[in-house]
Amino acid sequence: MKLPIYLDNHSTTPCDPRVLEMMLPYFTEKFGNAASRNHSFGWEAEEGVEVARKQIAHLIHADAKEIIFTSGATESDNLALQGVVEMYREKGDHIITSSTEHRAVIDTAKYLEKKGIKVTFLPVDKAGMVSPDDVRNAITDKTILISIMMANNEIGTINPVAAIGKVAKEKGILFHCDATQGVGKIPVNVQEMGIDLMSFTAHKIYGPKGVGALYVRRKAPRVRLEAMMYGGGHERGMRSGTLAVPLIVGFGKACELCEQEMAAESVRMMKMRDRLQEGIMGKMDEVYLNGHPTERLPNNLNISFAYVEGEALLMGVKEIALSSGSACTSATLEPSYVLRALGVGSDLAHSSIRFGLGRFNTDEEVEYTIDRMIKAVTHLREMSPLYEMAKEGVDLKSVQWAAH
Amino acid sequence: MAYSEKVIDHYNNPRNVGSFQKDADDVGTGIVGAPECGDVMKLQIKVENDTIVDAKFKTFGCGSAIASSSLATEWLKGKSLEQAQKIKNTDIVQELNLPPVKIHCSVLAEDAIKAALGDYQKKAIEKKPNPAEAVASS
């Protein structure tokens, strides 16, 4: 087993060697501009892009023409929200989203708020799920867009997307879904889910960084968007700019591999994840699962280790790449807004660790991680005044803390 | 973010982890911070003839918070109460090479020292007969 171990696959994934192999010729001999219509270099590049477009569309049950390439999911989210609002502004000025969305959606919605758009940030339940009824109740005759994520990047909770899509269809409102964490991990079908716009990216599914896509429905309804980027009129005029051909080719191959391997891969992920969960939670007291017990991404585990601060814990297992909901480094000292939205107390939010398994993790790495986590938590609890107080029977909630 | 070697050393080998009897007359206890903020420090001193003969800590917080309190206990040992009052958070920042985002950890450590000293002094005053009464009865 090689150290360090990478368990931060919600953040990014390594490029699959099969993906890289497909990309390489497009940096050198097949370097053409896909928009060059007059010579073979351009045709070759265009062919690479069109194959990729089909591979990507196939994975999500869309038509190739409905795929708009962007620089990544952040750009796709921005384009979906800003593009729809600008295009449909005369129809209404209200959008609905949720409080646990990725910052690319939340911050764009807040920007639109400043521009005079009314935004409803729906709450989530204690497992992090958005209720389709809440979506329905938030709709007004001024609502032009519903934007709800498929799966959460911190806690892995999977939203009832198809039910929300159904509500949107009934009311004739466009539905955007940030599926960055869902595509390639769980089956996605934009038809069955009633999705009109969908953001996703290559680097979360073993493709390269720097390329993403926005699915934009062409039929029933035909979604229109105001562009954010003007220029050569690429991508049906919705996103100008020379296509990043090698990255797009890699994105396509990554999607093809996901389609072929997802079923087996998700079973393997779930097995490793369940072992990790049971190995850690079965051997320690006062550890809590964050997110949904069953409706969660197969590769996600998010746990709070009470009385231990997350960043200190990461420091204790520095040969394992993980992520924490603690915000000890941020100026505000505010821990994860996602966990706070679930109603997790600030103390437990500070104590949270996100494990993100991936294609290249092994059972041996999982066993090593269980062992190291237990040792590190025990080490830190021995020096935790909170653990000592709790063991003495002090109710920590009753203590008058001097917040600083 | 990369930690300084000194922070890593204190994290891996924390000095003086533990607790004294809180209600003992020769012990001063300072508990500062709040779990909601991600930092709680408990710092204790044991005093003989106005000199700190031993110090212990327990900290809930990031590596820099642990290192700050661990360092504080090292510095406190052997110091007079007066000298201990003079330990500044900036001294801790300098010794541990703390980056700007971690300065609050050193502030918390200074607060913990002050709180422990204050607790000891309060006990000492309560323990001694009231000087005014002493004068009156003589």
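Residue numbers (this note's numbering), protein chains in the order written: chain C, 1 to 404; chain Z, 1001 to 1138.
In this text, a Cβ means the ideal position worked out from N, Cα and C, and glycines have one as well.
#1: Could you run through the stretch 1020–1037 of chain Z and flag, in chain order, every residue whose CB is less than 8 Å away from some CB of chain D?
#2: Helix, strand or coil for Q260 (chain C) per DSSP?
#3: Please classify R410 (chain C): does DSSP put it in a helix, a strand, or coil?
#4: Quick check: what's the CA-CA separation for S1138 (chain Z) versus K1128 (chain Z)?
#5: Count the other C-beta atoms from every protein chain shown that fall within 10 angstroms of the C-beta of P123 (chain C), then say buried if there are 16 or more, exposed otherwise.
#6: Would D1039 (chain Z) count as contacting chain C if we go by Cβ distances under 9 Å?
#7: At the 9 Å Cβ level, is K1122 (chain Z) part of the contact set with chain C, yes or no?
#8: Looking only at its own chain, which residues have a Cβ that is under 7 Å from the Cβ of V1093 (chain Z), when we skip the five neighbours before and after it?
#9: Could you tell me whether the Cβ of V1017 (chain Z) comes closer than 9 Å to any Cβ of chain C?
#10: Measuring only between beta-carbons, confirm whether A1065 (chain Z) sits less than 9 Å from chain C.
#11: Looking only at DSSP bridge pairs, what is G288 (chain C) linked to?
#12: Checking the sheet assignment: what are the DSSP bridge partners for H94 (chain C)?
#13: Are I320 (chain C) and T369 (chain C) closer than 9 Å when you measure CB to CB?
#14: Is there a Cβ from chain C that is less than 9 Å from the Cβ of K1042 (chain Z)?
#15: Could you list which residues in chain Z have their beta carbon closer than 7 Å to that of S384 (chain C), in chain order?
#16: Less than 9 Å between CB atoms is the rule here; does I1045 (chain Z) satisfy it with respect to chain C?
#17: Going straight from the alpha carbon of V19 (chain C) to that of K253 (chain C), what length do you get?
#18: Would you grab the beta carbon distance between Y1120 (chain Z) and G1028 (chain Z) for me? Rounded to a whole angstrom, and I think it's under 8 Å.
#19: Measure from the C-beta of I1087 (chain Z) to each C-beta in chain C and report whether the shortest distance is under 9 Å.
#20: When the Cα atoms are used, what is the spatial distance from Y26 (chain C) to V317 (chain C)?
#21: So A179 (chain C) and M198 (chain C) are supposed to be a Cβ contact under 8 Å. How far apart are they, rounded?
#22: I1092 (chain Z) CB to nearest chain C CB: under 9 Å?
#23: Does I1008 (chain Z) come within less than 9 Å of chain C when only Cβ atoms are used?
#24: Output the distance between the C-alpha atoms of E86 (chain C) and S40 (chain C), rounded to the nearest integer angstrom.
#25: DSSP three-state label for R381 (chain C), please.
#26: Express the C-alpha separation of A104 (chain C) and L339 (chain C) in angstroms, rounding to a whole number.
#27: Measure from the C-beta of E46 (chain C) to each C-beta in chain Z and report whether the shortest distance is under 9 Å.
#28: Please report the residue range of the alpha helix (DSSP H) in which I195 (chain C) lies.
#29: Run down chain Z in chain order and give the residues with a C-beta less than 7 Å from the C-beta of L396 (chain C).
#30: Can the beta-carbon of N153 (chain C) be found less than 9 Å from the beta-carbon of M129 (chain C)?
#31: Just to confirm my understanding: we take K2 (chain C), look at its own chain, exclude 5 residues before and 5 after, and list those with CB closer than 7 Å. What are they?
#32: Could you check if G1030 (chain Z) is buried or exposed, using at least 16 other CB atoms within 10 Å of its CB as the buried criterion?
#33: Mapping the DSSP letters down to three states, classify S1137 (chain Z) as helix, strand or coil.
#34: State the Cα-Cα distance for the pair F175 (chain C) and E1005 (chain Z), rounded to the nearest angstrom.
#35: Can you list the residues of chain Z that E309 (chain C) reaches, using a CB-CB cut of under 7 Å?
#36: Please report whether the beta-carbon of A402 (chain C) lies at a distance below 9 Å from any beta-carbon of chain Z.
Straight from the coordinates:
#1: In the displayed structure, chain D is absent; the protein chains listed are C and Z.
#2: Taking the first sequence and counting its residues from 1, one reaches residue 260 (chain C) at position 260. When secondary structure is reduced to three states using DSSP, Q260 (chain C) falls in the helix class.
#3: There is simply no residue 410 (chain C) to check, as chain C begins at 1 and stops at 404 in what is shown.
#4: Translated into positions along the second sequence, residue 1138 (chain Z) becomes position 138. Translated into positions along the second sequence, residue 1128 (chain Z) becomes position 128. Bear in mind that a pLDDT of 44 at S1138 (chain Z), under 50, signals an unreliable position, so the number given afterwards is only what the model happens to contain. Going by the C-alpha atoms only, they are around 16 Å apart.
#5: Looking up residue 123 (chain C) in the first sequence gives position 123. Classification of P123 (chain C): exposed, given that the 10 Å Cβ count is below 16.
#6: Here residue 1039 (chain Z) corresponds to residue number 39 of the second sequence, with the count starting at 1. Yes, contact with chain C.
#7: Reading the second sequence from its first residue, position 122 is the one you call residue 1122 (chain Z). Closer than 9 Å: no.
#8: For the purposes of this step, residue 1093 (chain Z) is taken as residue 93 along the second sequence, with counting starting at 1. Excluding residues within five positions, the ones whose Cβ falls inside 7 Å are I1103, S1106.
#9: Taking the first residue of the second sequence as 1, we reach residue 1017 (chain Z) at position 17. Output row for V1017 (chain Z): interface = yes.
#10: By 1-based counting over the second sequence, the position of residue 1065 (chain Z) is 65. Closer than 9 Å to some Cβ of chain C, the Cβ of A1065 (chain Z) qualifies, so yes.
#11: Residue numbering aside, residue 288 (chain C) sits at position 288 when the first sequence is read from its first letter. Here residue 288 (chain C) turns out to be Tyr, not Gly, going by the sequence shown. Its beta-bridge partners are C:S304.
#12: The residue labelled residue 94 (chain C) in the question sits at position 94 within the first sequence. Answer is C:K118, C:T143, bridged to H94 (chain C).
#13: In the first sequence, residue 320 (chain C) corresponds to position 320, counting from 1. In the first sequence, residue 369 (chain C) corresponds to position 369, counting from 1. Contact flag set, yes.
#14: Looking up residue 1042 (chain Z) in the second sequence gives position 42. With 9 Å as the cut-off, K1042 (chain Z) counts as an interface residue toward chain C.
#15: Here residue 384 (chain C) corresponds to residue number 384 of the first sequence, with the count starting at 1. In chain order: K1058, F1060.
#16: By one-based count along the second sequence, residue 1045 (chain Z) stands at place 45. So, not an interface residue.
#17: By one-based count along the first sequence, residue 19 (chain C) stands at place 19. By one-based count along the first sequence, residue 253 (chain C) stands at place 253. Whole-angstrom Cα-Cα distance: 6 Å.
#18: Taking the first residue of the second sequence as position 1, residue 1120 (chain Z) is located at position 120. Taking the first residue of the second sequence as position 1, residue 1028 (chain Z) is located at position 28. Right, their Cβ atoms sit about 3 Å apart.
#19: Sequence index remark: in the second sequence, residue 1087 (chain Z) carries index 87 (1-based). Chain C contact via Cβ: absent.
#20: The sequence position of residue 26 (chain C) within the first sequence is 26, counting from 1. The sequence position of residue 317 (chain C) within the first sequence is 317, counting from 1. The C-alpha of Y26 (chain C) lies about 39 Å from the C-alpha of V317 (chain C).
#21: One-based indexing of the first sequence puts residue 179 (chain C) at position 179. One-based indexing of the first sequence puts residue 198 (chain C) at position 198. 5 Å between Cβ atoms; contact.
#22: Against the second sequence, residue 1092 (chain Z) aligns to sequence position 92. So, not an interface residue.
#23: Numbered from 1 along the second sequence, position 8 holds the residue referred to as residue 1008 (chain Z). I1008 (chain Z) has a beta carbon lying within less than 9 Å of a beta carbon in chain C.
#24: On the first sequence, position 86 is the one that residue 86 (chain C) refers to. On the first sequence, position 40 is the one that residue 40 (chain C) refers to. Their backbone Cα atoms lie some 38 Å apart in a straight line.
#25: Against the first sequence, residue 381 (chain C) aligns to sequence position 381. Helix, per DSSP.
#26: Taking the first residue of the first sequence as 1, we reach residue 339 (chain C) at position 339. Taking the first residue of the first sequence as 1, we reach residue 104 (chain C) at position 104. Their Cα atoms are separated by approximately 17 Å.
#27: Taking the first residue of the first sequence as position 1, residue 46 (chain C) is located at position 46. Not one chain Z Cβ lies under 9 Å of E46 (chain C).
#28: Taking the first residue of the first sequence as position 1, residue 195 (chain C) is located at position 195. Premise fails: I195 (chain C) is in no alpha helix (DSSP H) and is neither H nor E.
#29: Taking the first residue of the first sequence as 1, we reach residue 396 (chain C) at position 396. Simply P1035.
#30: Here the question's residue 153 (chain C) lines up with position 153 in the first sequence. Here the question's residue 129 (chain C) lines up with position 129 in the first sequence. No, these two residues do not count as a Cβ contact at 9 Å.
#31: Against the first sequence, residue 2 (chain C) aligns to sequence position 2. Listed in chain order, the non-local C-beta contacts of K2 (chain C) below 7 Å within the same chain number zero, local neighbours out to five positions each way being set aside.
#32: Within the second sequence, numbered from 1, the residue matching residue 1030 (chain Z) stands at position 30. It counts as buried.
#33: As a first step, residue 1137 (chain Z) is located in the second sequence; it is residue number 137 there, counting from the start. Here the model assigns S1137 (chain Z) a pLDDT of 47, short of 50, so the residue's position is not dependable and the matter cannot be decided.
#34: Mapped onto the first sequence, residue 175 (chain C) falls at position 175. Mapped onto the second sequence, residue 1005 (chain Z) falls at position 5. Going by the C-alpha atoms only, they are around 51 Å apart.
#35: To locate residue 309 (chain C), count along the first sequence from 1; it is residue 309. Simply G1038, F1060, G1061, C1062.
#36: Working through the first sequence from its first residue, we reach residue 402 (chain C) at position 402. So yes, A402 (chain C) belongs to the interface.
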